[in-house]
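**Student:**
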Amino acid sequence: MKRCPQCDRVEADDALTFCRADGTPLMRESGAAGEGAGTLRFSPQSADTTETHILPTGEHLNNPAAPTTVLDARLPSGDTRELGKQKTRRGVVIAAVMVTAVALAASAYFYLSRNKNDKAIESIAVMPFVNESGNADTEYLSDGMTETLISSLSQIPKLNVKARSSVFRYKGKEMDAQTVGKELNVQAILNGRVIQRSDDLVLYLELVDAQSGNRIWGDQYNKKLANLISLQTEIARDVSDKLRVRLSGADEQRLAKNYTENAGAYQLYLKGRYHAFKLTPPEIEKGVGFYRQAIDIDPNYALAYAGIGDAYRTLPITSDVPPKDAFPKAKAAAHKALQISDQLAEAHIVLGWVGFWFDWDWSAAESELKRAIELSPNNADAHRAYAQLLSSSGRHEEAVAEGRHARELDPLTLVTNRLEAQFLFYAGRETEAIDRLQKTLELDPNFWTTHLGLAQIYIHQQRYDEALAALGKARELGGNTLVTALTGYALAMSGRRAEAQTALNELKKLSTQKYVPSHNIAMIYSGLNEKDETFVWLEKAYEERGVHLSYLKVDPLWDKFRSDPRFQDLLRRVGLPQ
29 MKRCPQCDRV EADDALTFCR ADGTPLMRES GAAGEGAGTL RFSPQSADTT ETHILPTGEH
89 LNNPAAPTTV LDARLPSGDT RELGKQKTRR GVVIAAVMVT AVALAASAYF YLSRNKNDKA
149 IESIAVMPFV NESGNADTEY LSDGMTETLI SSLSQIPKLN VKARSSVFRY KGKEMDAQTV
209 GKELNVQAIL NGRVIQRSDD LVLYLELVDA QSGNRIWGDQ YNKKLANLIS LQTEIARDVS
269 DKLRVRLSGA DEQRLAKNYT ENAGAYQLYL KGRYHAFKLT PPEIEKGVGF YRQAIDIDPN
329 YALAYAGIGD AYRTLPITSD VPPKDAFPKA KAAAHKALQI SDQLAEAHIV LGWVGFWFDW
389 DWSAAESELK RAIELSPNNA DAHRAYAQLL SSSGRHEEAV AEGRHARELD PLTLVTNRLE
449 AQFLFYAGRE TEAIDRLQKT LELDPNFWTT HLGLAQIYIH QQRYDEALAA LGKARELGGN
509 TLVTALTGYA LAMSGRRAEA QTALNELKKL STQKYVPSHN IAMIYSGLNE KDETFVWLEK
569 AYEERGVHLS YLKVDPLWDK FRSDPRFQDL LRRVGLPQ
């Protein structure tokens, strides 16, 4: 029998050396069966014990343990004088006290040292797992496993997990942990390598201290693809354990939550995310197709329904897609997801976006987004959506604070940085907005909507030449018809009416071939100061449920119309407070 001097835990297994509860060296119970008479033993580690560490390469490193310490005080023979017996007994007692003192000191040292060094890691970046299968068709698997782990760890309330969009900016780049740790402001970096061969899957993981660059932990997982779902749960538990995060029972349940038990459906879901995140209409539709295949296998796959909702809600913003074609599909899919699992934050986020972009039910949208944040406090998408709602409602201080928080959670995501600048602009903080846009360009100079944001501010400041230069860059990088509309508006406001009319004619002609938001045509008429035509096209935008009408209250482009009763009526119908 052995006892832990720290927590009093008794271990019957004589082979154990350290307490399984707190890692303190175990002490043998006095008088335990099997102890040799007159022999006192202190064994911090058994002499024949070997520690085996699995390296990421699969090799083994064997470390011989420290030898057992043995103190032997032998009693004299029976014919020794009584005085000798007393002295010997006294020596045995002293030796016992000394050994106990040494053991307690060692226990205290190990315990205090462990408590000092085992402080929980509170922030982590899960870097994109590297696909080493030699097959680009399995890229969805390495990306998907990364995203699933990020999602699982994000359920831990006190753990700051950087969002997918931030870490995936490092995909395919060789970066040392210390640089990434500084850029993302995290304590630890998790790297992974995935190899798929037929039905076999090998995953190598390595947890690294972002400050020192030292390896904290590493392991290798060998599984069949059929066990992919259980593998994801196992990884999440192992990583949270190595982060030394204390989990409640509810945390454990959230960490182990799987929305399907079918490995085939899960793989199709990962393929759907892989394509939908490319954010072009053809890729989004391809992603939705994979989501639907996953649902065909598992009709109760709530996360796949939420994926469909998120894919469709992005279309009217990223591309010129009619709102009435996309938002009802997004809404129906999100509702179906919540019928299956009402605590799915991703579905609540979709309903929040649709609520203020399309339904114009601002109160219901706010409730959905607050619920999403309650369910997933570290979800940058939820905070970004809520910030947009607050900004469009005219609650600028709240919007800027929420936008900043979203960026802190997701510091390298272009759209997060870009939208924070928009919130600052609408709050009247133009210098800060320009500074944030410049920082966004430092992250990626080819993100066209950043140039669009600069143009909006320059137009408001009547810096029309700079605005037109920024819009030209946005168009060159692939902007949509909003770029043409703002170009026409800037030309009109700078007195170049003929050129503005050319831009207007271009949009009208294009509208006979494909959908062009009526809001964009109204914008050029506004620049030309043709008020009646402006309201004709704003009414058409209202009938279309145009997304950009949600900005009417705060966009300074419409300031000249605010006293017009027609504009006030339009604000009321869109649900925006006066």
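Under the working numbering, read the sequence shown as residues 29 to 606, first letter to last.
Here a beta-carbon is modelled for each residue, glycine too, at the ideal position from N, C-alpha and C.
Treat the numbers as computed from the prediction; the structure is a model and nothing was measured.
1) By the DSSP assignment, the alpha helix (DSSP H) with R503 in it spans what residues?
2) E630: buried (16+ other C-beta within 10 angstroms of its C-beta) or exposed?
3) Given a cut-off of 8 Å, decide if Q215 and A191 are closer than it, judged by their beta-carbon atoms.
4) For S347, collect the residues of the same chain with a Cβ closer than 8 Å to its Cβ; drop the 5 residues on either side in sequence, then sort them by chain order.
5) How far does the alpha helix (DSSP H) with N474 in it reach, from first residue to last?
6) In or out: V38 buried (at least 16 other Cβ within 10 Å) or exposed?
7) Closest by CA to Y543, which one among L496, D353, L275?
8) Just confirm the distance between the C-beta atoms of A461 and A483, as a whole number of angstroms; I'd bet it's less than 8 Å.
9) On the criterion of 16 or more Cβ atoms from any shown chain inside 10 Å, does P344 qualify as buried, or is it exposed?
10) Let me know if V125 comes out buried or exposed under the rule of 16 or more other beta-carbons within 10 Å of its beta-carbon.
11) Give me the DSSP bridge partner(s) of A153.
12) Taking the alpha helix (DSSP H) that V316 falls in, what are its first and last residues?
13) Using 8 Å as the threshold, is the C-beta distance between A330 and G315 below it?
14) What's the gap between the Cα of S421 and the Cα of E394?
15) How is E211 classed by DSSP in three states: helix, strand or coil?
16) Skipping 5 residues on each side, what residues in its chain have a beta carbon closer than 6 Å to that of D409?
17) Does DSSP classify G162 as helix, strand or coil?
18) Terminal residues of the continuous alpha helix (DSSP H) containing V582?
19) Applying the criterion that 16 or more other CB atoms from any shown protein chain within 10 Å of the CB defines a buried residue, is Q224 buried or exposed?
20) Compute the Euclidean distance between the alpha carbons of F384 and W390, then round it to the nearest angstrom.
21) Using the Cα positions of I368 and L233, report the straight-line distance between them to the nearest angstrom.
22) Quick check: what's the CA-CA separation for H433 versus H411?
23) Cα-Cα, which of A362, S170, E527, P356 is closest to Y333?
24) Which whole-angstrom value describes the C-beta separation of L271 and Y249, a residue pair presumed to lie in contact below a C-beta threshold of 8 Å?
25) Report the three-state DSSP secondary structure of V273 (helix, strand or coil).
26) Tell me which same chain residues have a C-beta within less than 7 Å of the C-beta of A322, skipping the five on either side of it?
27) Which residue spans inside the region 336-407 form an unbroken alpha helix (DSSP H) run of at least 4?
28) By the DSSP assignment, the alpha helix (DSSP H) with E425 in it spans what residues?
29) Could you give the distance in angstroms between the alpha-carbon of I217 and the alpha-carbon of N159?
30) With DSSP as the reference, please indicate the residues paired to K542 in a beta bridge.
31) I need the DSSP call for G246, collapsed to helix, strand or coil.
32) If I measure Cβ to Cβ from M55 and keep anything under 7 Å in the same chain, skipping five residues before and after, which residues do I get?
33) Do the region 398-405 and the region 147-162 make contact, defined as three or more Cβ pairs closer than 8 Å?
34) By DSSP, does M203 sit in helix, in strand, or in coil?
35) Kindly indicate the opening and closing residues of the alpha helix (DSSP H) around Y294.
36) My understanding is that V189 touches V154, with C-beta atoms under 8 Å, so please give their C-beta distance in whole angstroms.
**Tutor:** So, to answer that:
1) 492-504
2) Because the chain here runs from 29 to 606, residue 630 falls outside it and cannot be looked at.
3) no
4) T308, P309, N508
5) Counting along the chain, N474 falls outside any alpha helix (DSSP H), and DSSP gives it neither H nor E.
6) exposed
7) D353
8) About 12 Å; that fails the 8 Å criterion.
9) buried
10) With a pLDDT of 49 at V125, under the threshold of 50, the modelled position of this residue cannot be trusted; read the value that follows with caution. Answer is exposed; the Cβ neighbour count stays below 16.
11) I217
12) 309-325
13) no
14) 11 Å
15) helix
16) I377
17) coil
18) Taken as a continuous stretch (DSSP letters only), V582 belongs to no alpha helix (DSSP H), as it is neither H nor E.
19) buried
20) 5 Å
21) 33 Å
22) 7 Å
23) A362
24) With a Cβ gap of about 17 Å, L271 and Y249 do not count as contacting.
25) coil
26) A293, L296, Y297, G300, Y329, A332
27) 351-368, 373-382, 390-403
28) 424-437
29) 18 Å
30) According to DSSP, K542 bridges with nothing at all.
31) strand
32) K30, R31, P33, A131
33) no
34) coil
35) 291-304
36) 7 Å
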